[in-house]
Amino acid sequence: MNQQQLKELLAQMSLEEKIGQLVQLPGYFQNGGTITGPAGDLGLTQEDLRLAGSYLSVIGAEKTRALQEEYMAAHPHHIPLIFMDDIINGYRTVFPVPLAQGCTFNPDLVQQGASVAAKEAAASGVHVTFSPMADLVRDARWGRVMESTGEDAYLNGLMAAAMVRGYQGDLKKKGTIAGCLKHFAGYGAPEGGRDYANVELSLRTLKEDYLPAYKAAIDAGVAMVMTSFNTLDRVPSTANKWLMRDILRDEMGFDGALISDWGAVGELVPHGVAADFAQAAQLAIEAGVDMDMVSPSYAKHLKTLVEEGKVDEKLIDESCMRMLELKNKLGLFENPFRDAAKEEEDALLLCEEHRKAAQDCAEKSFVLLKNEENMLPLRSGQEKVAFIGPFVNNKFLCGSWAIFSDDQDTVTLKDALEKQESDSCISFAAGSRVMDRDGVVQGFQKQIPEETLDEEFALSQAIEMARGADKVVLALGEHREFSGEASSRGSLTLPRCQQRLLDEVAKVNQNITVVLFCGRPMDLRDVQNKAKAILVAWFPGTEGGPALARTLYGHCAPQGKLSMAFPWSVSQLPLHYNQLSTGRPFHGDYKAARFGSKYQDMPRFPLYPFGFGLSYTTFSCSPVTLNKAVLKKGDAITAAVTVKNTGHCTGTETVQLYIRDVVGSVARPVRELKGFRQVTLRPGEEKEVCFEITEDMLRFWDIHMNYVSEPGEFHLFIGSDSTTENKAAFTLEA
Ligand code: NOJ
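To convert a position in the sequence shown, counted from 1, into our numbering, add 3.
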């Protein structure tokens, strides 16, 4: 349809029909399902269902086709439904969780993952995914760090844009779905790391640190945006006119459709800014929220609000038009079924090519934190290795957002090792439960079967196995349901049962490698004391097992870099490398700096910093050279280093560039990531790695809230993680 035809359609629609386009309901309403949780009893009628323009959580080619057909036949204007779902790290073929994808420092790989997800989801009738989540995160207690790509705005922006390109490509083409950027804005900074809690951010921090990654996704053309649950400056986002109209639309240039988060319009009531759902609907539509996800507010109250003159019908028209435009962008008026086809599903879902892509991404997302005495790689056929722990033969490796996957499709570490290695050298034992018996887990999306394990027997069996082995690989970690939505944690250590396993095994065999499965940085103080090697596997997805088996035996070398620091302890949170200097900076000398900004009883810095990650080989990096010391506006400086593989196997290094603005009109971060390059080098090989520094990379929100650069001195750091001291200085000319 062209714009004129859309306008004509809008003109023919009744007020109820237009409001219907602004309502999204869960698909299970169509199956006579019941509503639970915060959505409560929505009190919707059959007529509301008939007019609601969108469904979420409906999947499957046959199901979506049938629903679409039935819906369109009953709709007065035969307007198609739009199906939206949470396709976060894959659909049926599951990739590593987004935090792990961040650790690849490889936007092309992340784009490829999103494109695989789009192809599979599109074949199953999905039109929009609620991804990417571009929320900046600094507090590992927050369960949703798993769904973010980490603590750095620049990296997050690259990854969010890559996901948008991967999902959407050209939306008129086959195998694409629209992206929905979330959660606008600042959802990643809840007080105390508690999901849904308040957010306190200064305007400058919001603009400087939190908005850029959303902006990158908007610039990449993301079709939709979702509001966040939190307040900003005490105004819930879903009612925040300034945020949605002045910032999102006017300043950031977003002109697509804006949807609330699940039930968030209705939640304006418990937030205490609306007395009832009617007022909530009024606030949200005035703020520019086009679609109400699941709350009854729009469906039940917008019509009366317009009739009473409280809401201008123009607002309804604007929002309805945006929803029609989105449907049109997806080509739904011409082909309401898009790619939904049973044969396509059969051919694409979990196909070999997709599994390979997921495995490749997993291999590149693993982060090697420690590797002493050549614990890794393991030597095939030459040493007896006991693989012990509750994650050795565990199929729940996809993270809590893989809601459309089937755990049975996941290849476990044991499955993969049995295929790859000779039986005589490897043995397996569970050793402990995943979770303590009294551990808390709130069921979310998928329930995990109750663990039935004779704990004492499992432990003694594991100890015996460890005693007889040359090396032990302990596959430990947190329960899948401990990260993700509504899964904040107050402690980041291993469950007691797994800690006990580690303690007991360490008494009989010190050649321990810990492979850690998690959706967030954890407190590894004790683990690092007892293990000679630590490999972070995150929740690696469907092909996590083969990816790990290959990595552990050196068929590929780990190359991931932490996209979020592992704290020394939970008490350090929130934590981020790009902090401000403070008036009393602390550089690490605990005795000398009595009055530095630090703790008296524990370290100031994380256990493993942002950007950190080892390989099976080692790299050296030459001092930084600059081709000039003064940067003029419109010109560029080239900064170069030579990186050499100084070890014994091929490896990939991510060379990182950080810049510090030494004196600014407002305090500037001690350093900020401004670029990175990946180089793969054979033993002994070296390569020059160059970065171009231009004036626009030095801009920030100055004392007058203008986005400018300020002349003066800058420090530039190039190295293998965010603590590098490999430094050069230059001046930006006035
Ligand atoms: C709530 C979550 O916050 C959001 O990220 C998700 O997309 C919606 N639920 C829909 O499931």
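Heads up, the beta-carbon is just placed ideally off N, CA and C, and yes, glycines get one too.
Inset, instruction - State the beta-bridge partners of residue 519 as determined by DSSP. - result: Looking at the DSSP assignment, residue 519 forms a beta bridge with 479, 539.
Legend entry - residue 407 CB to nearest heavy atom of the ligand NOJ below 7 Å: Look at residue 407: its beta carbon is at least 7 Å from all of the heavy atoms in the ligand NOJ.
Inset, instruction - Measuring alpha carbon to alpha carbon, tell me which of 72, 152, 94 ends up nearest residue 103. - result: Of 72, 152, 94, the residue nearest in Cα terms is 152.
Inset, instruction - Check the DSSP bridge columns for residue 659 and list the partner residues they point to. - result: Partner residues in the beta bridge of residue 659, as assigned by DSSP, are 679, 722.
Inset, instruction - Measure the Cβ-Cβ separation of residue 148 and residue 567 and say whether it is below 8 Å. - result: A distance below 8 Å separates the beta carbons of residue 148 and residue 567.
Legend entry - residue 390, enclosing beta strand (DSSP E) - first and last residue: Start and end: 388 to 391.
Legend entry - N-terminal and C-terminal residue of the alpha helix (DSSP H) that residue 274 is part of: Residue 274 -> alpha helix (DSSP H) spans 271 to 274.
Legend entry - Close-in-space but distant-in-sequence residues of the same chain around residue 513 (CB under 6 Å, 5 per side omitted): So the list is empty, once near-sequence residues are dropped.
Legend entry - Shell residues, 5 Å Cβ cut-off relative to heavy atoms of the ligand NOJ: In chain order, the hits are 89, 133, 264, 265.
Legend entry - As assigned by DSSP and simplified to three states, the class of residue 93: Residue state, collapsed to three classes: strand.
Legend entry - Nearest-angstrom Cα separation, counted from residue 224 out to residue 160: So the alpha carbons of these two residues sit roughly 13 Å apart.
Legend entry - Reference residue 207; option with closest CA among 672, 731, 595: 672 is the residue among 672, 731, 595 whose C-alpha sits nearest the C-alpha of residue 207.
Inset, instruction - Quick one: give me the first and last residue of the beta strand (DSSP E) that residue 261 is part of. - result: It spans 260 to 262 - the beta strand (DSSP E) in which residue 261 sits, taken as one unbroken run.
Inset, instruction - To the nearest angstrom, report how far apart residue 518 and residue 286 are at their CA atoms. - result: When rounded, the separation of the alpha-carbon atoms in residue 518 and residue 286 is 49 Å.
Legend entry - Residue closest to residue 356, alpha-carbon to alpha-carbon, out of 634, 123, 735, 9: Residue 356 has its Cα closest to that of 123, out of 634, 123, 735, 9.
Inset, instruction - Could you tell me if residue 11 is buried or exposed, where buried requires 16 or more neighbouring beta carbons within 10 angstroms of its beta carbon? - result: Per the 10 Å Cβ criterion, exposed.
Inset, instruction - On a CA-only basis, which of 270, 222, 121 is nearest residue 240? Give me that one, please. - result: When each option's Cα is compared against that of residue 240, the closest is 270.
Inset, instruction - Please report the residue range of the alpha helix (DSSP H) in which residue 6 lies. - result: Per DSSP, the continuous alpha helix (DSSP H) segment holding residue 6 begins and ends at 6 to 15.
Legend entry - Helix, strand or coil at residue 468 according to DSSP, with G and I counted as helix: Note: residue 468 maps to helix in three-state DSSP.
Inset, instruction - Report the rounded CA-to-CA distance for residue 571 versus residue 593, giving the unit in angstroms. - result: So the two alpha carbons sit approximately 15 Å from each other.
Legend entry - Bounding residues of the beta strand (DSSP E) (the contiguous stretch that carries residue 86): Segment 85 to 88, the beta strand (DSSP E) holding residue 86.
Legend entry - Length of the line joining the Cα atoms of residue 709 and residue 255: Taking the Cα positions, residue 709 is about 15 Å away from residue 255.
Legend entry - Those residues which DSSP pairs with residue 710 across a bridge: For residue 710, which the question treats as bridged, DSSP gives the partners 704.
Inset, instruction - Determine the closest residue to residue 118 out of 314, 180, 138, with distance taken between C-alpha atoms. - result: Ranked by Cα distance from residue 118, the options 314, 180, 138 are led by 180.
Legend entry - DSSP-derived helix/strand/coil call for residue 693: Residue 693: strand per DSSP, three-state reduction.
Legend entry - Three-state class that DSSP yields for residue 35 in the structure shown: Its pLDDT being 48, under 50, residue 35 is placed unreliably in this model, and the value from its coordinates should be taken loosely. Coil, per DSSP.
Inset, instruction - Look up residue 211 in the DSSP assignment and give the residues it is bridged to. - result: Under DSSP, residue 211 shares a beta bridge with no residue.
Legend entry - Beta-carbon proximity of residue 88 to residue 48, cut-off 8 Å: With contacts defined by Cβ atoms closer than 8 Å, residue 88 and residue 48 do not form a contacting pair.
Legend entry - Distance between beta carbons of residue 112 and residue 364, contact taken as under 8 Å: Right, the Cβ-Cβ distance comes to about 5 Å (below 8 Å), so this counts as a contact.
Legend entry - residue 605, DSSP secondary structure in three states: Coil, per DSSP.
Inset, instruction - Pick out the complete alpha helix (DSSP H) segments inside the stretch 279 to 319, 4 residues or longer, and give them in chain order. - result: Runs of the alpha helix (DSSP H) inside the stretch 279 to 319: 280 to 290, 300 to 310.
Inset, instruction - Indicate the three-state DSSP secondary structure (helix, strand or coil) for residue 494 in the structure shown. - result: In the structure shown, residue 494 sits in coil (DSSP, three-state: anything other than H, G, I, E or B).
Legend entry - Whole-number beta carbon distance between residue 733 and residue 632, since they are thought to touch under 8 Å: Indeed, because the Cβ distance is near 5 Å, the residues count as touching under 8 Å.
Legend entry - Any non-hydrogen atom of the ligand GDP within 7 Å of residue 454 CB: Although the ligand GDP was asked about, the structure shown includes only the ligand NOJ as ligands.
Inset, instruction - Tell me where the beta strand (DSSP E) around residue 186 begins and ends. - result: 181 to 187 is the extent of the beta strand (DSSP E) around residue 186.
Inset, instruction - Give the range of the alpha helix (DSSP H) segment to which residue 250 is assigned. - result: Per DSSP, residue 250 belongs to no alpha helix (DSSP H) and is neither H nor E.
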